[in-house]
Amino acid sequence: MSLPELLNFHHILMLSVFTGAANGYYWYQWSQCIYSSPDLSDMVYIEGFYFNKYPIVQFNSTVGKFVGFTELGVKNAEMWNKDPNLLQQTKAQVDVFCRHNAEITEAAIYNKTVQPKVKLSSVMPGDSKHPALVMCSAYDFYPQPIKVSWLKDGAVVTSDVTSTEELPNGDWHYQIHSELEYTPKSGEKISCVVEHASFEKPMIYDWDPPAPQFEWNIQLLFTIESAGLLLGIIVATAGFISYKIKSTEKIIGPH
Ligand SMILES: *[C@@H]1O[C@H](CO)[C@@H](O)[C@H](O)[C@H]1NC(C)=O
-7 MSLPELLNFH HILMLSVFTG AANGYYWYQW SQCIYSSPDL SDMVYIEGFY
43 FNKYPIVQFN STVGKFVGFT ELGVKNAEMW NKDPNLLQQT KAQVDVFCRH
93 NAEITEAAIY NKTVQPKVKL SSVMPGDSKH PALVMCSAYD FYPQPIKVSW
143 LKDGAVVTSD VTSTEELPNG DWHYQIHSEL EYTPKSGEKI SCVVEHASFE
193 KPMIYDWDPP APQFEWNIQL LFTIESAGLL LGIIVATAGF ISYKIKSTEK
243 IIGPH
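Its first residue numbered -7, the sequence shown is counted upward by one per residue in the working numbering.
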C-alpha cells in the first residue's frame, strides 16, 4: 500500500507583500486536484496564490505554466516560468500528487456501495383533496446519488410527489424521503421505485395501505356477525318447530 504524497511548496513570493503591512492582510495558497472520470484521465492540478481573497498567481496543469493576475503576480509568474526545474516539478504534481493520492482514495471508496433500507409508511391524513399520504423512505445508503419514484398501477406518477434531498447521516451514509398524496381507490396498486448503484435493477416496493384493510375487517366482522345471527335464528326456529311437532305428537300420539 503506497503512502499519500504531500505537497511541498518552495516558491516564495516577493516579501514586499508583507512588509509595511497594516493589520488585516490575508495571504493564502492552495492546491486542488480536480477530476470526474474514475480512471483519473481528466485530472487537473491547480495551484493558486491569493492575497486578501484576490487571485495573484495560478498554475493550471492544463495550461502548463504560471499565470499572473496582478502586477506582483505577473512578475512572479514570469520569474517562475523561467525556472525549468520549478516548472517541471510543478507540472509533475498532476501525477505525483493528484493521481497518486486519488488512486489511493478511489481504491478505498470506488465501487463500494451500501444498499438502502426502504420503508413505506402512511403519514398523517392530507387535505380533503388528497386524503391519503404515503411516504417512501430509503435509509443508510452509499453513495449519495439515488432516484425514488412512484408507480400507480404500473404507470409513473409525477404529480403530488414531494421529496427531500439526499440527507447526509454524517457517517458517509445518506437517507431520502419521498411523499405521495393520493386519493385511495379500491384495487389500485401504489408502489415506490428505488434506483441506486447498489442495486442491479430498479427495486419496486408495493404499498399495502392500512385503511382499506381496516374497512374490509369491519365488513368481515359484520358478515361473520350476521351469519352468526342468521344461524342462531335458524337453530332457534328449528328447535321451536321440532318442539311444536313433538308436543303435537304427544297430544295426539297413541298412549
Ligand atoms: C484550467 O485550464 C483549462 C484550460 O484553459 C480550463 O478549461 C479550466 O477551466 C482551468 N481550470 C481552472 C480551475 O481554472
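Just so it is clear, CB atoms sit at the ideal spot from N, CA and C, and this is done for glycine as well.
Go through its chain and collect everything with a Cβ distance to residue 205's Cβ below 8 Å, but skip five positions before and after it. Residue numbering aside, residue 205 sits at position 213 when the sequence shown is read from its first letter. At residue 205 the pLDDT is 49, less than 50, meaning the model places this residue with poor confidence and gives no usable figure here.
The beta strand (DSSP E) enclosing residue 71, as first and last residue numbers: Counting from 1 along the sequence shown, the entry for residue 71 is found at position 79. From DSSP, residue 71 is part of no beta strand (DSSP E) but of the alpha helix (DSSP H) over 63 to 73.
Ligand 1 heavy atom lying under 8 Å from the CB of residue 82: Position 90 of the sequence shown, counted from the first residue, corresponds to residue 82. No, Cβ of residue 82 sits at least 8 Å from all heavy atoms of ligand 1.
Is residue 55 a contact residue of ligand 1, with contact defined as CB to any heavy atom under 8 Å? Taking the first residue of the sequence shown as position 1, residue 55 is located at position 63. Yes - ligand 1 has a heavy atom lying nearer than 8 Å to the Cβ of residue 55.
What would DSSP say about residue 100, mapped onto helix, strand or coil? Position 108 of the sequence shown, counted from the start, is the residue given in the question as residue 100. The answer is helix: DSSP assigns residue 100 an H, G or I state.
Helix, strand or coil for residue 115 per DSSP? One-based indexing of the sequence shown puts residue 115 at position 123. In the structure shown, residue 115 sits in coil (DSSP, three-state: anything other than H, G, I, E or B).
When DSSP labels each residue in this structure, what does residue 124 get in the three-state scheme? Here residue 124 corresponds to residue number 132 of the sequence shown, with the count starting at 1. In this structure, residue 124 counts as strand in the three-state DSSP scheme.
Please go through the segment 114 to 197 and give each complete beta strand (DSSP E) segment of 3 or more residues, from N-terminal end onward. 124 to 133, 138 to 144, 147 to 149, 153 to 155, 166 to 174 and 182 to 188
Please list, in chain order, all residues of the same chain as residue 83 whose beta carbon is under 7 Å from its beta carbon, the five residues on each side excluded. One-based indexing of the sequence shown puts residue 83 at position 91. So the list reads 53 and 56, once near-sequence residues are dropped.
Does the segment 167 to 174 come close enough to the segment 133 to 143 to have 3 or more Cβ pairs within less than 8 Å? yes
Closest Cα partner of residue 190 within the set 107, 154, 86 and 78: To locate residue 190, count along the sequence shown from 1; it is residue 198. Residue 107 is the option with its Cα nearest to residue 190.
Contact between the segment 17 to 32 and the segment 85 to 102 (3+ Cβ pairs under 8 Å): yes
With a threshold of 8 Å (Cβ to nearest heavy atom), would residue 93 be considered close to ligand 2? Although ligand 2 was asked about, the structure shown includes only ligand 1 as ligands.
With burial defined as no fewer than 16 other Cβ atoms inside 10 Å of the residue's Cβ, what is the status of residue 172: buried or exposed? Position 180 of the sequence shown, counted from the first residue, corresponds to residue 172. Residue 172 should be labelled buried.
For the beta strand (DSSP E) containing residue 57, name the first residue and the last one. What you label residue 57 is simply residue 65 of the sequence shown in a count that begins at 1. Run containing residue 57: 57 to 60, per the beta strand (DSSP E) assignment.
How would you label residue 50, buried or exposed, when you count the other beta carbons within 10 angstroms and need 16 or more for buried? Taking the sequence shown and counting its residues from 1, the one referred to as residue 50 is at position 58. Counting other Cβ atoms within 10 Å of its Cβ, residue 50 reaches 16 or more and is therefore classed as buried.
Residue 124: buried (16+ other C-beta within 10 angstroms of its C-beta) or exposed? Taking the sequence shown and counting its residues from 1, the one referred to as residue 124 is at position 132. The residue is buried, with at least 16 neighbouring Cβ atoms inside 10 Å.
Reduced DSSP secondary structure (H/G/I, E/B, other) of residue 39: As a first step, residue 39 must be located in the sequence shown, where it is residue number 47. Correct three-state label for residue 39: strand.
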